[in-house]
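Take a look at the structure below.
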Ligand SMILES: Cc1cc2nc3c(=O)[nH]c(=O)nc-3n(C[C@H](O)[C@H](O)[C@H](O)COP(=O)(O)O)c2cc1C
């Protein structure tokens, strides 16, 4: 049985969340194809470590409690990583989560690699990225949280499933007039494409 860890980094109220609606649609269709797979939900809103920002006061103890989270990543075959754009990057919850699990010799290693390169240690993981942003694509080219997530998981050795699912323009017409459930439907062709390889 395949285990799928769904990491939700959206601070939006669940029923108003566009990224949540895309995730629900993706998982509904996934379940139809793989009814026996186990879905494990990790809501970063409820994870104390995802509320901790690295600073000079906690830098010696920051990673003390992280091993169970890394073990969780090593015990699953698939991850669905969900984050809206907040101020041109992933949410603070997602950044704090990644700041914890990006731990040398646990999820990546510099050993045996060429100068400047690292070796990802999460080789068995396939990651599907689901992102949203209020602005349509291209309004703020300096902010690309989807590429950030793709690069970060690939750095840890994971295979990125394509296409990543980005719902852009949730704060402008026509999507802002639609419920999250209706807006999510616009991604159906990409969801179907992504499910072929996930
Ligand atoms: C604090 C905050 C910062 C945001 N920053 C951006 C941003 O930099 N660029 C953007 O396009 N949208 C931004 N948005 C809009 C969200 O990305 C968008 O509304 C998203 O759909 C909300 O998350 P959800 O999809 O889970 O509902 C921001 C929203 C909030 C609450």
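In the numbering used here, the protein residues as written are 7 to 204. For every residue, glycine included, the Cβ atom is placed at its ideal position computed from N, Cα and C.
Cβ-based neighbour list, residue i, same chain, cut-off 6 Å, excluding 5 preceding and 5 following
i, result
"residue 82", "9 and 11"
"residue 172", "137 and 152"
"residue 60", "68 and 105"
"residue 32", "197"
"residue 160", "166"
"residue 168", "none"
"residue 176", "24, 138 and 140"
"residue 1", "A query on residue 1 cannot be resolved here, the shown segment of the chain reaching from 7 to 204 and no further."
For residue i, the nearest candidate out of the options (CA to CA)
i, options, result
"residue 98", "50, 191 and 148", "50"
"residue 127", "112, 194 and 133", "112"
"residue 114", "62, 79 and 153", "79"
"residue 15", "73, 167 and 52", "52"
"residue 102", "55, 143, 146 and 94", "55"
"residue 162", "176, 129, 72 and 46", "129"
"residue 24", "47, 182 and 73", "182"
"residue 133", "44, 146, 164 and 140", "164"
"residue 139", "26, 13 and 21", "26"
"residue 100", "63, 158 and 203", "158"
"residue 131", "39, 47, 204 and 40", "204"
"residue 145", "154, 174, 37 and 74", "174"
"residue 57", "195, 117, 17 and 154", "17"
Sequence-distant residues of its chain with Cβ nearer than 7 Å to residue i (five each side left out)
i, result
"residue 76", "107, 109, 112 and 113"
"residue 149", "91, 94 and 95"
"residue 42", "7"
"residue 71", "55"
Cβ-Cβ separation, residue j to residue i (assumed contact under 8 Å), whole Å
i, j, result
"residue 170", "residue 187", "About 21 Å separates the two Cβ atoms, so there is no contact after all."
"residue 125", "residue 166", "Wrong, their Cβ atoms sit about 17 Å apart, outside the cutoff."
"residue 88", "residue 142", "With 8 Å as the limit, residue 88 and residue 142 do not qualify as a contact, their Cβ atoms being about 20 Å apart."
"residue 35", "residue 201", "6 Å"
"residue 29", "residue 86", "7 Å"
"residue 48", "residue 13", "5 Å"
Within-8 Å CB hit, residue i to chain C
i, result
"residue 144", "Within the model displayed, chain C is absent; a lone protein chain is all it includes."
Same chain, Cβ closer than 8 Å to residue i, five either side skipped, listed in chain order
i, result
"residue 44", "7, 8, 9 and 10"
Only counting runs of 4 or more residues, tell me where the alpha helix (DSSP H) segments fall wholly within the region 130-166, in order along the chain. With a minimum length of 4 residues, the continuous alpha helix (DSSP H) runs that stay inside the region 130-166 are 151-161.
Sequence ranges, beta strand (DSSP E) only - wholly within the region 74-111, length at least 3: Those beta strand (DSSP E) runs which fall completely within the region 74-111 and span 3+ residues are 84-90.
Ranges of the alpha helix (DSSP H) found wholly within the region 18-63, counting only runs of at least 4: 24-39
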